[in-house]
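Contents: one structure, followed by commentary.
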Amino acid sequence: MDIKFNQIYGEYLRDESRQVGRAESIVFPKTEAEIINSVKEMSRKNIPITSQGARTGLAASAVPYGGHIINLSKMNKVTGARYDEKEDRFFLTVQPGVLLSDLRKYIANKSFVAAEWDKESINALKFMEKGRWFYSTDPTETSASMGGIASCNASGARSYKYGSARDHITGLRLVLADGDVLVLKRGQYLAKDDEFSLITEGGREIKGKLPKYKMPHVKKNTSGYYNKPGMDMIDLFIGSDGTLGIISEIEIELNKTFDVIWGLTIFMPDEDKALDLVRALRHEIKIADINLNINPSAIEFFSHKALKMLRDRQKTSAFSNIQELKDTCHTAVYIEIESDSNELVWAEVEKLGDVINALGGDEEETWVAYNPINLEKLHDFRHACPECVNLEIDQIKKLNAGITKLGTDMSVPDDKLKDVMKMYNEGMEENKLDGVIFGHIGNNHLHVNIIPKDMDEYEKGKELFLIWAEKIAAMGGAVSAEHGVGKLKVPFLKKMYTEEEINEMRKLKKIFDPSQILNRGTIFEYVEGQ
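Residue numbers (the working numbering): 40 to 569.
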(Lines of atoms letter the chains of each structure in order from A and count residues from 1; the text may use other names and numbers.)
(Lines give C-alpha, C1' and ligand atoms only; values in the text may rest on other atoms or scores of the structure.)
Protein backbone atom coordinates (compact mmCIF):
# COMPACT_ATOMS: atom_id res chain seq x y z
CA MET A 1 0.00 0.00 0.00
CA ASP A 2 1.40 3.38 -1.04
CA ILE A 3 1.46 5.89 1.81
CA LYS A 4 1.10 9.63 1.32
CA PHE A 5 4.27 11.23 2.61
CA ASN A 6 4.28 13.13 5.91
CA GLN A 7 6.74 14.08 8.66
CA ILE A 8 6.46 10.61 10.27
CA TYR A 9 8.56 9.32 7.38
CA GLY A 10 11.07 12.18 7.44
CA GLU A 11 14.04 9.85 8.05
CA TYR A 12 13.46 8.34 4.59
CA LEU A 13 14.41 11.63 2.94
CA ARG A 14 18.09 11.22 3.87
CA ASP A 15 20.98 8.79 3.99
CA GLU A 16 24.48 8.88 5.51
CA SER A 17 25.55 11.56 3.02
CA ARG A 18 23.62 13.97 5.30
CA GLN A 19 21.76 15.30 2.23
CA VAL A 20 17.97 15.72 2.59
CA GLY A 21 15.48 15.31 -0.27
CA ARG A 22 11.70 15.37 -0.78
CA ALA A 23 8.99 12.86 -1.72
CA GLU A 24 5.23 12.64 -2.12
CA SER A 25 4.64 8.97 -1.23
CA ILE A 26 6.37 5.87 0.12
CA VAL A 27 5.79 2.10 0.14
CA PHE A 28 7.38 -0.77 2.08
CA PRO A 29 6.90 -3.89 -0.06
CA LYS A 30 7.33 -7.35 1.46
CA THR A 31 7.28 -9.24 -1.84
CA GLU A 32 8.46 -8.82 -5.41
CA ALA A 33 4.81 -8.72 -6.50
CA GLU A 34 4.26 -5.64 -4.34
CA ILE A 35 7.29 -3.94 -5.94
CA ILE A 36 5.85 -4.72 -9.38
CA ASN A 37 2.43 -3.26 -8.52
CA SER A 38 3.97 -0.06 -7.18
CA VAL A 39 6.33 0.33 -10.15
CA LYS A 40 3.52 -0.22 -12.67
CA GLU A 41 1.37 2.44 -11.02
CA MET A 42 4.19 4.99 -10.94
CA SER A 43 5.23 4.16 -14.49
CA ARG A 44 1.67 4.73 -15.71
CA LYS A 45 1.64 8.16 -14.02
CA ASN A 46 5.26 8.95 -14.98
CA ILE A 47 6.13 9.55 -11.32
CA PRO A 48 9.83 9.19 -10.43
CA ILE A 49 10.82 6.32 -8.13
CA THR A 50 13.70 6.22 -5.66
CA SER A 51 14.57 2.77 -4.32
CA GLN A 52 16.10 2.48 -0.85
CA GLY A 53 17.59 -0.11 1.45
CA ALA A 54 19.09 0.75 4.83
CA ARG A 55 20.13 4.26 3.67
CA THR A 56 23.75 3.83 4.80
CA GLY A 57 25.12 5.12 1.48
CA LEU A 58 27.44 8.11 1.34
CA ALA A 59 26.68 9.42 -2.16
CA ALA A 60 22.95 10.27 -1.70
CA SER A 61 21.72 7.54 -4.07
CA ALA A 62 18.81 6.85 -1.69
CA VAL A 63 17.88 10.53 -1.29
CA PRO A 64 14.67 11.16 -3.27
CA TYR A 65 14.38 14.12 -5.63
CA GLY A 66 10.58 14.12 -5.50
CA GLY A 67 8.06 11.43 -6.40
CA HIS A 68 7.74 7.99 -4.85
CA ILE A 69 9.99 5.98 -2.52
CA ILE A 70 10.16 2.18 -2.63
CA ASN A 71 11.88 1.20 0.61
CA LEU A 72 12.98 -2.45 0.59
CA SER A 73 13.81 -2.83 4.29
CA LYS A 74 10.90 -5.25 4.91
CA MET A 75 12.15 -7.65 2.21
CA ASN A 76 14.65 -9.09 4.68
CA LYS A 77 14.65 -12.86 4.26
CA VAL A 78 17.29 -15.37 3.21
CA THR A 79 15.17 -17.30 0.70
CA GLY A 80 17.35 -20.23 -0.30
CA ALA A 81 20.74 -21.93 -0.62
CA ARG A 82 22.66 -23.86 -3.27
CA TYR A 83 25.70 -26.11 -3.09
CA ASP A 84 27.94 -27.06 -6.01
CA GLU A 85 29.40 -30.35 -4.76
CA LYS A 86 31.76 -30.76 -7.71
CA GLU A 87 33.47 -27.40 -7.10
CA ASP A 88 32.73 -27.19 -3.35
CA ARG A 89 31.01 -23.81 -3.71
CA PHE A 90 28.19 -22.56 -1.50
CA PHE A 91 25.60 -19.91 -2.41
CA LEU A 92 22.78 -18.08 -0.60
CA THR A 93 19.79 -16.29 -2.09
CA VAL A 94 18.79 -13.16 -0.18
CA GLN A 95 16.21 -10.41 -0.45
CA PRO A 96 17.53 -6.84 -0.80
CA GLY A 97 16.55 -5.73 2.71
CA VAL A 98 18.70 -8.32 4.52
CA LEU A 99 21.26 -6.46 6.64
CA LEU A 100 24.91 -7.42 6.42
CA SER A 101 25.14 -7.72 10.21
CA ASP A 102 22.21 -10.19 10.26
CA LEU A 103 23.57 -12.18 7.33
CA ARG A 104 26.90 -12.62 9.11
CA LYS A 105 25.11 -13.97 12.19
CA TYR A 106 23.04 -16.42 10.14
CA ILE A 107 26.15 -17.73 8.39
CA ALA A 108 28.31 -17.91 11.52
CA ASN A 109 25.59 -19.76 13.45
CA LYS A 110 24.50 -21.82 10.42
CA SER A 111 21.00 -20.90 11.44
CA PHE A 112 18.36 -19.82 8.90
CA VAL A 113 14.58 -19.49 8.90
CA ALA A 114 14.11 -22.17 6.25
CA ALA A 115 10.39 -23.04 6.59
CA GLU A 116 9.66 -21.73 3.07
CA TRP A 117 12.82 -23.07 1.41
CA ASP A 118 12.63 -25.61 -1.41
CA LYS A 119 14.09 -29.11 -1.17
CA GLU A 120 17.33 -28.19 -2.99
CA SER A 121 17.96 -25.37 -0.49
CA ILE A 122 17.30 -27.61 2.51
CA ASN A 123 19.70 -30.22 1.15
CA ALA A 124 22.36 -27.55 0.56
CA LEU A 125 22.34 -26.71 4.28
CA LYS A 126 23.58 -30.23 5.04
CA PHE A 127 26.76 -29.49 3.09
CA MET A 128 27.18 -26.19 4.91
CA GLU A 129 27.60 -28.15 8.14
CA LYS A 130 30.82 -29.67 6.77
CA GLY A 131 32.74 -26.41 6.80
CA ARG A 132 32.93 -22.82 8.00
CA TRP A 133 31.90 -20.12 5.58
CA PHE A 134 31.74 -16.31 5.40
CA TYR A 135 30.61 -13.53 3.08
CA SER A 136 33.72 -11.60 2.11
CA THR A 137 32.30 -8.19 1.15
CA ASP A 138 32.80 -6.08 4.28
CA PRO A 139 31.89 -2.39 4.07
CA THR A 140 32.62 -0.55 7.31
CA GLU A 141 28.90 0.00 7.91
CA THR A 142 27.57 -3.44 8.90
CA SER A 143 23.99 -2.14 8.96
CA ALA A 144 24.15 -1.84 5.15
CA SER A 145 21.53 -3.85 3.23
CA MET A 146 22.41 -6.47 0.65
CA GLY A 147 20.47 -4.57 -2.02
CA GLY A 148 22.50 -1.45 -1.29
CA ILE A 149 25.75 -3.42 -1.36
CA ALA A 150 24.88 -4.75 -4.82
CA SER A 151 23.59 -1.40 -6.08
CA CYS A 152 26.84 0.46 -5.41
CA ASN A 153 29.17 -2.54 -5.79
CA ALA A 154 30.41 -2.06 -2.23
CA SER A 155 33.69 -3.54 -1.09
CA GLY A 156 35.48 -2.76 2.19
CA ALA A 157 38.78 -3.60 3.87
CA ARG A 158 39.02 -7.20 2.67
CA SER A 159 38.63 -6.11 -0.95
CA TYR A 160 42.45 -6.10 -1.16
CA LYS A 161 42.26 -9.90 -1.35
CA TYR A 162 38.64 -10.71 -2.18
CA GLY A 163 37.59 -7.91 -4.54
CA SER A 164 34.25 -6.10 -4.51
CA ALA A 165 30.62 -7.24 -4.23
CA ARG A 166 30.55 -7.90 -7.99
CA ASP A 167 33.07 -10.73 -7.58
CA HIS A 168 30.68 -12.62 -5.29
CA ILE A 169 27.28 -12.01 -6.91
CA THR A 170 26.14 -14.87 -9.11
CA GLY A 171 22.48 -14.01 -9.67
CA LEU A 172 20.00 -11.11 -9.66
CA ARG A 173 16.28 -10.59 -10.03
CA LEU A 174 15.31 -7.03 -10.99
CA VAL A 175 12.02 -5.25 -11.48
CA LEU A 176 12.36 -2.98 -14.51
CA ALA A 177 10.78 0.45 -14.96
CA ASP A 178 7.67 -1.02 -16.66
CA GLY A 179 7.14 -3.68 -13.99
CA ASP A 180 8.57 -6.55 -16.03
CA VAL A 181 11.16 -8.78 -14.30
CA LEU A 182 14.68 -9.56 -15.50
CA VAL A 183 16.43 -12.66 -14.15
CA LEU A 184 20.20 -12.82 -14.55
CA LYS A 185 22.55 -15.70 -13.76
CA ARG A 186 26.30 -15.25 -14.09
CA GLY A 187 27.42 -16.77 -17.38
CA GLN A 188 23.90 -16.75 -18.85
CA TYR A 189 23.99 -13.52 -20.87
CA LEU A 190 27.31 -12.50 -22.40
CA ALA A 191 27.63 -9.52 -24.72
CA LYS A 192 28.83 -10.34 -28.23
CA ASP A 193 31.55 -7.74 -28.50
CA ASP A 194 29.47 -4.59 -27.91
CA GLU A 195 25.98 -6.01 -28.55
CA PHE A 196 23.66 -7.60 -26.00
CA SER A 197 20.26 -9.30 -25.90
CA LEU A 198 18.28 -10.10 -22.74
CA ILE A 199 14.91 -11.84 -22.32
CA THR A 200 12.57 -10.76 -19.50
CA GLU A 201 10.25 -13.10 -17.59
CA GLY A 202 7.42 -11.63 -19.63
CA GLY A 203 9.14 -12.81 -22.82
CA ARG A 204 10.22 -9.35 -24.01
CA GLU A 205 13.61 -9.04 -25.71
CA ILE A 206 15.79 -6.15 -24.61
CA LYS A 207 18.69 -5.55 -26.95
CA GLY A 208 21.17 -2.80 -27.55
CA LYS A 209 24.79 -1.76 -27.86
CA LEU A 210 27.30 -1.18 -25.10
CA PRO A 211 29.00 2.22 -24.95
CA LYS A 212 32.46 2.76 -26.45
CA TYR A 213 34.07 4.38 -23.40
CA LYS A 214 36.79 2.47 -21.55
CA MET A 215 37.01 2.12 -17.80
CA PRO A 216 40.23 3.03 -15.96
CA HIS A 217 42.72 0.29 -15.09
CA VAL A 218 42.36 0.44 -11.32
CA LYS A 219 41.53 -2.22 -8.74
CA LYS A 220 38.33 -0.50 -7.63
CA ASN A 221 35.88 1.54 -9.69
CA THR A 222 32.16 2.32 -9.36
CA SER A 223 32.15 5.44 -11.54
CA GLY A 224 29.19 5.08 -13.90
CA TYR A 225 28.16 1.86 -15.64
CA TYR A 226 30.46 -1.16 -15.83
CA ASN A 227 31.36 -1.60 -19.48
CA LYS A 228 33.58 -4.08 -21.32
CA PRO A 229 33.30 -5.81 -24.71
CA GLY A 230 32.03 -9.36 -24.25
CA MET A 231 31.09 -8.65 -20.61
CA ASP A 232 28.73 -10.71 -18.51
CA MET A 233 25.56 -8.61 -18.54
CA ILE A 234 24.88 -9.18 -14.84
CA ASP A 235 27.83 -6.84 -14.20
CA LEU A 236 26.03 -3.92 -15.84
CA PHE A 237 23.37 -3.95 -13.12
CA ILE A 238 25.75 -4.45 -10.19
CA GLY A 239 26.91 -0.96 -9.23
CA SER A 240 24.24 0.79 -11.33
CA ASP A 241 22.86 2.66 -8.27
CA GLY A 242 19.27 1.53 -8.85
CA THR A 243 19.04 3.44 -12.15
CA LEU A 244 18.38 0.42 -14.40
CA GLY A 245 16.09 -1.69 -12.22
CA ILE A 246 15.06 -2.42 -8.64
CA ILE A 247 16.77 -5.46 -7.14
CA SER A 248 14.31 -7.94 -5.64
CA GLU A 249 16.66 -10.89 -5.06
CA ILE A 250 20.41 -11.58 -5.03
CA GLU A 251 22.41 -14.80 -5.13
CA ILE A 252 25.79 -14.49 -3.43
CA GLU A 253 28.73 -16.88 -3.16
CA LEU A 254 30.36 -17.54 0.21
CA ASN A 255 34.04 -18.23 0.92
CA LYS A 256 35.62 -20.81 3.20
CA THR A 257 36.76 -19.37 6.52
CA PHE A 258 40.42 -19.73 7.51
CA ASP A 259 41.23 -21.32 10.86
CA VAL A 260 43.64 -18.51 11.77
CA ILE A 261 43.00 -14.77 11.34
CA TRP A 262 45.35 -12.16 12.81
CA GLY A 263 44.92 -8.40 12.82
CA LEU A 264 47.79 -5.95 13.35
CA THR A 265 47.61 -2.18 13.83
CA ILE A 266 51.12 -0.91 13.12
CA PHE A 267 52.18 2.60 14.15
CA MET A 268 54.74 4.40 12.01
CA PRO A 269 56.77 7.56 12.77
CA ASP A 270 55.47 9.49 9.74
CA GLU A 271 53.34 9.16 6.62
CA ASP A 272 56.20 8.48 4.19
CA LYS A 273 57.36 5.51 6.27
CA ALA A 274 53.77 4.24 6.42
CA LEU A 275 53.57 4.39 2.60
CA ASP A 276 56.87 2.49 2.32
CA LEU A 277 55.43 -0.17 4.63
CA VAL A 278 52.36 -0.47 2.39
CA ARG A 279 54.54 -0.87 -0.69
CA ALA A 280 56.59 -3.54 1.09
CA LEU A 281 53.40 -5.41 2.05
CA ARG A 282 52.36 -5.28 -1.63
CA HIS A 283 55.79 -6.71 -2.58
CA GLU A 284 56.70 -3.61 -4.62
CA ILE A 285 59.85 -2.83 -2.62
CA LYS A 286 62.15 -4.57 -0.14
CA ILE A 287 63.06 -3.03 3.19
CA ALA A 288 66.49 -3.94 4.66
CA ASP A 289 66.63 -6.81 2.12
CA ILE A 290 63.88 -8.66 4.04
CA ASN A 291 61.67 -10.97 1.99
CA LEU A 292 58.08 -10.60 3.21
CA ASN A 293 55.81 -13.48 2.21
CA ILE A 294 52.72 -11.99 3.85
CA ASN A 295 49.67 -11.75 1.60
CA PRO A 296 47.21 -9.67 3.64
CA SER A 297 43.50 -9.81 3.09
CA ALA A 298 43.30 -6.13 4.16
CA ILE A 299 45.68 -3.15 4.22
CA GLU A 300 44.15 -0.04 5.81
CA PHE A 301 45.50 3.44 6.63
CA PHE A 302 44.93 6.10 9.32
CA SER A 303 46.51 9.53 8.95
CA HIS A 304 48.05 11.53 11.81
CA LYS A 305 44.97 13.76 11.99
CA ALA A 306 42.65 10.74 11.90
CA LEU A 307 44.42 9.32 14.96
CA LYS A 308 44.24 12.71 16.69
CA MET A 309 40.49 12.86 16.03
CA LEU A 310 40.10 9.38 17.56
CA ARG A 311 42.20 10.37 20.60
CA ASP A 312 40.01 13.42 21.17
CA ARG A 313 36.83 11.37 20.84
CA GLN A 314 38.06 8.75 23.33
CA LYS A 315 37.30 11.29 26.04
CA THR A 316 33.56 10.87 25.29
CA SER A 317 31.50 7.92 26.52
CA ALA A 318 30.45 6.85 23.01
CA PHE A 319 34.06 5.98 22.10
CA SER A 320 35.48 5.01 25.49
CA ASN A 321 35.53 1.31 24.51
CA ILE A 322 38.03 1.65 21.66
CA GLN A 323 41.67 0.90 22.36
CA GLU A 324 43.61 3.77 23.91
CA LEU A 325 45.96 5.66 21.62
CA LYS A 326 49.26 7.00 22.93
CA ASP A 327 50.18 10.60 22.10
CA THR A 328 53.24 9.26 20.29
CA CYS A 329 51.16 7.35 17.71
CA HIS A 330 51.61 9.32 14.48
CA THR A 331 50.28 7.27 11.53
CA ALA A 332 48.85 3.75 11.42
CA VAL A 333 48.56 0.86 8.98
CA TYR A 334 46.17 -2.00 9.77
CA ILE A 335 46.60 -5.40 8.13
CA GLU A 336 44.72 -8.67 8.38
CA ILE A 337 46.35 -12.04 7.73
CA GLU A 338 44.57 -15.35 7.07
CA SER A 339 46.18 -18.78 7.35
CA ASP A 340 45.65 -22.39 8.38
CA SER A 341 48.54 -22.20 10.86
CA ASN A 342 49.47 -19.86 13.73
CA GLU A 343 53.08 -20.93 13.30
CA LEU A 344 53.18 -19.75 9.68
CA VAL A 345 51.66 -16.38 10.60
CA TRP A 346 54.01 -15.92 13.55
CA ALA A 347 57.08 -16.58 11.37
CA GLU A 348 55.98 -13.86 8.95
CA VAL A 349 54.99 -11.43 11.72
CA GLU A 350 58.51 -11.74 13.17
CA LYS A 351 59.96 -10.68 9.81
CA LEU A 352 57.39 -7.89 9.61
CA GLY A 353 58.63 -6.66 12.98
CA ASP A 354 62.12 -6.31 11.51
CA VAL A 355 60.68 -4.29 8.60
CA ILE A 356 58.80 -2.00 11.03
CA ASN A 357 61.97 -1.37 13.02
CA ALA A 358 64.02 -0.77 9.86
CA LEU A 359 61.51 1.93 8.85
CA GLY A 360 61.90 3.72 12.18
CA GLY A 361 58.87 2.26 13.88
CA ASP A 362 58.75 0.14 17.03
CA GLU A 363 57.38 -3.39 16.66
CA GLU A 364 56.64 -3.44 20.41
CA GLU A 365 54.02 -0.72 19.92
CA THR A 366 52.04 -2.80 17.40
CA TRP A 367 48.55 -3.93 18.42
CA VAL A 368 48.22 -7.64 17.65
CA ALA A 369 44.93 -9.55 17.70
CA TYR A 370 44.88 -13.31 17.14
CA ASN A 371 41.49 -14.27 18.57
CA PRO A 372 37.96 -13.18 17.56
CA ILE A 373 37.38 -10.96 20.62
CA ASN A 374 40.55 -8.90 20.18
CA LEU A 375 40.09 -8.85 16.41
CA GLU A 376 36.65 -7.32 16.91
CA LYS A 377 38.24 -4.57 19.03
CA LEU A 378 40.51 -3.64 16.12
CA HIS A 379 37.51 -3.66 13.79
CA ASP A 380 35.68 -1.32 16.22
CA PHE A 381 38.69 1.00 16.13
CA ARG A 382 38.59 1.10 12.34
CA HIS A 383 34.83 1.71 12.32
CA ALA A 384 35.21 4.54 14.85
CA CYS A 385 37.00 6.73 12.30
CA PRO A 386 34.06 7.32 9.91
CA GLU A 387 31.69 7.44 12.90
CA CYS A 388 33.73 10.29 14.38
CA VAL A 389 33.56 12.16 11.08
CA ASN A 390 29.77 11.71 10.95
CA LEU A 391 29.41 13.11 14.48
CA GLU A 392 31.60 16.10 13.61
CA ILE A 393 29.48 16.85 10.54
CA ASP A 394 26.24 16.46 12.50
CA GLN A 395 27.45 19.03 15.04
CA ILE A 396 28.51 21.48 12.31
CA LYS A 397 25.20 20.94 10.48
CA LYS A 398 23.30 22.26 13.51
CA LEU A 399 24.83 25.68 12.85
CA ASN A 400 25.07 25.37 9.03
CA ALA A 401 22.15 23.30 7.71
CA GLY A 402 23.48 23.37 4.13
CA ILE A 403 26.62 21.40 4.97
CA THR A 404 26.75 17.72 3.94
CA LYS A 405 29.50 15.17 4.35
CA LEU A 406 32.60 16.00 2.28
CA GLY A 407 34.40 12.71 1.69
CA THR A 408 36.35 11.40 -1.28
CA ASP A 409 36.04 7.88 -2.65
CA MET A 410 38.67 7.97 -5.40
CA SER A 411 41.25 5.39 -6.45
CA VAL A 412 44.44 5.47 -8.51
CA PRO A 413 46.86 2.95 -10.06
CA ASP A 414 49.56 1.47 -7.80
CA ASP A 415 52.35 3.70 -9.08
CA LYS A 416 50.38 6.87 -8.23
CA LEU A 417 49.89 6.23 -4.51
CA LYS A 418 52.57 8.64 -3.27
CA ASP A 419 51.51 11.25 -5.85
CA VAL A 420 47.88 11.18 -4.73
CA MET A 421 48.80 11.39 -1.02
CA LYS A 422 50.94 14.43 -1.77
CA MET A 423 48.05 15.98 -3.72
CA TYR A 424 45.60 15.44 -0.84
CA ASN A 425 47.90 16.85 1.83
CA GLU A 426 49.02 19.87 -0.19
CA GLY A 427 45.47 20.64 -1.29
CA MET A 428 44.17 20.81 2.28
CA GLU A 429 47.20 22.75 3.51
CA GLU A 430 47.10 25.35 0.69
CA ASN A 431 43.37 25.90 1.23
CA LYS A 432 43.71 25.94 5.04
CA LEU A 433 41.16 23.12 5.39
CA ASP A 434 41.05 20.61 8.21
CA GLY A 435 40.57 16.98 7.28
CA VAL A 436 41.39 13.34 7.98
CA ILE A 437 42.52 10.54 5.67
CA PHE A 438 41.76 6.86 6.20
CA GLY A 439 40.74 3.82 4.22
CA HIS A 440 41.72 1.06 1.85
CA ILE A 441 45.30 2.00 1.02
CA GLY A 442 46.09 -1.48 -0.26
CA ASN A 443 43.90 -0.63 -3.27
CA ASN A 444 45.16 3.00 -3.42
CA HIS A 445 41.64 3.93 -2.34
CA LEU A 446 41.58 6.45 0.48
CA HIS A 447 38.75 8.44 2.01
CA VAL A 448 39.67 12.08 2.54
CA ASN A 449 37.10 13.74 4.80
CA ILE A 450 37.21 17.52 5.02
CA ILE A 451 35.71 18.98 8.20
CA PRO A 452 34.46 22.48 7.23
CA LYS A 453 33.92 25.03 9.99
CA ASP A 454 31.43 27.06 7.96
CA MET A 455 29.80 27.42 4.54
CA ASP A 456 32.84 29.21 3.08
CA GLU A 457 35.08 26.26 3.92
CA TYR A 458 32.39 23.86 2.71
CA GLU A 459 32.28 25.53 -0.73
CA LYS A 460 36.07 25.66 -0.84
CA GLY A 461 36.17 21.93 -0.06
CA LYS A 462 33.70 21.13 -2.85
CA GLU A 463 35.83 23.10 -5.32
CA LEU A 464 38.95 21.25 -4.14
CA PHE A 465 37.22 17.88 -4.66
CA LEU A 466 36.49 18.83 -8.27
CA ILE A 467 40.14 19.74 -8.79
CA TRP A 468 41.18 16.42 -7.27
CA ALA A 469 38.70 14.51 -9.43
CA GLU A 470 40.18 16.03 -12.58
CA LYS A 471 43.75 15.23 -11.47
CA ILE A 472 42.86 11.68 -10.48
CA ALA A 473 41.18 11.08 -13.83
CA ALA A 474 44.39 12.33 -15.48
CA MET A 475 46.35 9.79 -13.40
CA GLY A 476 44.18 7.02 -14.84
CA GLY A 477 42.13 6.73 -11.68
CA ALA A 478 38.44 6.53 -10.76
CA VAL A 479 36.39 9.31 -9.11
CA SER A 480 34.34 6.73 -7.20
CA ALA A 481 35.81 3.44 -6.07
CA GLU A 482 33.11 1.86 -3.88
CA HIS A 483 30.32 4.28 -2.89
CA GLY A 484 28.92 4.81 -6.37
CA VAL A 485 28.37 8.15 -8.09
CA GLY A 486 24.98 8.68 -6.50
CA LYS A 487 23.78 12.27 -6.64
CA LEU A 488 26.67 13.95 -4.85
CA LYS A 489 29.36 12.87 -7.30
CA VAL A 490 27.61 13.66 -10.58
CA PRO A 491 30.00 16.63 -11.15
CA PHE A 492 32.99 14.31 -10.57
CA LEU A 493 31.89 11.94 -13.33
CA LYS A 494 32.20 14.83 -15.78
CA LYS A 495 35.88 15.09 -14.87
CA MET A 496 36.44 11.43 -15.69
CA TYR A 497 34.36 11.02 -18.83
CA THR A 498 33.57 13.36 -21.72
CA GLU A 499 30.05 14.66 -22.29
CA GLU A 500 29.78 12.29 -25.25
CA GLU A 501 30.74 9.30 -23.07
CA ILE A 502 28.23 10.29 -20.37
CA ASN A 503 25.55 10.58 -23.07
CA GLU A 504 26.42 7.01 -24.07
CA MET A 505 25.59 6.01 -20.49
CA ARG A 506 22.30 7.93 -20.73
CA LYS A 507 21.39 6.05 -23.91
CA LEU A 508 22.10 2.77 -22.14
CA LYS A 509 19.82 3.76 -19.26
CA LYS A 510 17.02 4.67 -21.71
CA ILE A 511 17.06 1.12 -23.08
CA PHE A 512 15.95 -0.16 -19.66
CA ASP A 513 14.17 2.94 -18.36
CA PRO A 514 12.79 4.90 -21.36
CA SER A 515 10.95 7.46 -19.20
CA GLN A 516 13.89 7.82 -16.81
CA ILE A 517 11.77 7.40 -13.71
CA LEU A 518 14.25 5.25 -11.74
CA ASN A 519 16.48 7.12 -9.27
CA ARG A 520 16.37 10.44 -11.09
CA GLY A 521 19.39 12.60 -10.39
CA THR A 522 21.60 9.57 -9.69
CA ILE A 523 24.67 9.20 -11.95
CA PHE A 524 23.14 11.82 -14.29
CA GLU A 525 21.97 15.33 -13.56
CA TYR A 526 18.24 15.19 -14.30
CA VAL A 527 16.82 17.89 -16.53
CA GLU A 528 13.04 18.07 -17.11
CA GLY A 529 12.09 17.04 -20.63
CA GLN A 530 15.29 15.13 -21.39
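All C-beta atoms in this analysis are idealised placements derived from N, C-alpha and C, irrespective of residue type, glycine included. Treat the numbers as computed from the prediction; the structure is a model and nothing was measured.
Nearest-angstrom Cα separation, counted from residue j out to residue i
{"i": "V428", "j": "T304", "result": "20 Å"}
{"i": "N470", "j": "K461", "result": "14 Å"}
{"i": "V102", "j": "I86", "result": "15 Å"}
{"i": "Q91", "j": "G525", "result": "12 Å"}
{"i": "W374", "j": "T405", "result": "A small fix is needed here, since residue 374 is Ile in this sequence, not Trp. Going from the Cα of I374 to the Cα of T405 covers about 11 Å."}
{"i": "L213", "j": "E468", "result": "46 Å"}
{"i": "E363", "j": "M544", "result": "48 Å"}
{"i": "I329", "j": "R205", "result": "35 Å"}
{"i": "I476", "j": "P411", "result": "27 Å"}
{"i": "H256", "j": "G515", "result": "7 Å"}
{"i": "G187", "j": "L97", "result": "11 Å"}
{"i": "S203", "j": "A319", "result": "23 Å"}
{"i": "G105", "j": "G500", "result": "27 Å"}
{"i": "Y463", "j": "I489", "result": "10 Å"}
{"i": "G49", "j": "E168", "result": "44 Å"}
{"i": "I506", "j": "L331", "result": "37 Å"}
{"i": "T564", "j": "I208", "result": "For clarity, residue 564 is Glu in the given sequence; the question names Thr instead. So the two alpha carbons sit approximately 29 Å from each other."}
{"i": "Y228", "j": "K344", "result": "48 Å"}
{"i": "T239", "j": "D219", "result": "7 Å"}
{"i": "T408", "j": "G302", "result": "For clarity, residue 408 is Ala in the given sequence; the question names Thr instead. The alpha-carbon atoms of A408 and G302 are separated by roughly 5 Å."}
{"i": "D309", "j": "L383", "result": "29 Å"}
{"i": "E124", "j": "T296", "result": "17 Å"}
{"i": "A196", "j": "K248", "result": "35 Å"}
{"i": "L485", "j": "R83", "result": "43 Å"}
{"i": "R352", "j": "L547", "result": "46 Å"}
Chain-order list of residues whose beta-carbon lies under 6 Å from that of residue i (same chain, five-residue window excluded)
{"i": "Y201", "result": "S175"}
{"i": "V59", "result": "L52, R53"}
{"i": "K33", "result": "An answer regarding residue 33 cannot be provided, because it is not within the stretch 40 to 569 covered by the chain."}
{"i": "M535", "result": "S262, A512, V518"}
{"i": "S112", "result": "G136"}
{"i": "G466", "result": "L503"}
{"i": "K584", "result": "Missing from the structure shown is residue 584; the chain here goes from 40 to 569 and no further."}
{"i": "K312", "result": "L398, G399"}
{"i": "F306", "result": "C368, A371, E404"}
{"i": "R559", "result": "P87, Y104, Y565"}
Cβ-Cβ separation, residue j to residue i (assumed contact under 8 Å), whole Å
{"i": "I108", "j": "T89", "result": "5 Å"}
{"i": "D280", "j": "R225", "result": "With a Cβ gap of about 20 Å, D280 and R225 do not count as contacting."}
{"i": "D315", "j": "L398", "result": "6 Å"}
{"i": "A216", "j": "V66", "result": "Incorrect: roughly 16 Å between the Cβ atoms, too far for contact."}
{"i": "F130", "j": "E292", "result": "5 Å"}
{"i": "V317", "j": "G481", "result": "7 Å"}
{"i": "E521", "j": "A193", "result": "6 Å"}
{"i": "R121", "j": "E155", "result": "About 16 Å; that fails the 8 Å criterion."}
{"i": "P491", "j": "I556", "result": "34 Å between Cβ atoms; not a contact."}
{"i": "L283", "j": "D552", "result": "6 Å"}
{"i": "I541", "j": "K533", "result": "7 Å"}
{"i": "V62", "j": "F44", "result": "It should be pointed out that residue 62 corresponds to Ala in this sequence rather than to Val. Going by Cβ atoms, the distance from A62 to F44 rounds to 5 Å, so yes, they are a contact pair."}
Cβ shell of residue i (< 7 Å), same chain only, five flanking positions each side left out
{"i": "D157", "result": "G119"}
{"i": "E402", "result": "G392, I395, N396"}
{"i": "D493", "result": "N439"}
{"i": "L170", "result": "This sequence places Gly at residue 170; Leu is not what is there. Answer for G170: K295, listed in chain order."}
Endpoints, the beta strand (DSSP E) within which residue i is located
{"i": "H107", "result": "107-110"}
{"i": "S287", "result": "285-292"}
{"i": "R57", "result": "That residue, R57, is in no beta strand (DSSP E); it is neither H nor E in DSSP."}
{"i": "V117", "result": "117-123"}
{"i": "R128", "result": "128-133"}
{"i": "V407", "result": "406-408"}
Host alpha helix (DSSP H) of residue i (start-end)
{"i": "G392", "result": "381-397"}
{"i": "L275", "result": "273-276"}
{"i": "K246", "result": "Where K246 is concerned, there is no enclosing alpha helix (DSSP H), although the beta strand (DSSP E) it sits in stretches over 244-248."}
{"i": "Q91", "result": "Taken as a continuous stretch (DSSP letters only), Q91 belongs to no alpha helix (DSSP H), being part of the beta strand (DSSP E) at 88-91."}
Cβ of residue i within 8 Å of any chain D Cβ
{"i": "S100", "result": "The chain inventory of the structure shown lacks chain D, comprising one protein chain alone."}
Any non-hydrogen atom of the ligand SAH within 7 Å of residue i CB
{"i": "G195", "result": "Absence of the ligand SAH is noted for the structure shown, with no ligands found whatsoever."}
Any chance you could list the beta strand (DSSP E) runs of at least 3 consecutive residues sitting entirely within the segment 459-546, in chain order? 474-479, 484-489
What runs of the beta strand (DSSP E), each 3 residues or longer, lie entirely inside the segment 297-321? 299-307
Runs of alpha helix (DSSP H) wholly within the segment 149-236 (minimum 4 residues, chain order): 158-167, 185-190, 198-201
Give the list of continuous beta strand (DSSP E) stretches no shorter than 3 residues that lie fully inside the segment 314-380. 337-341, 370-378
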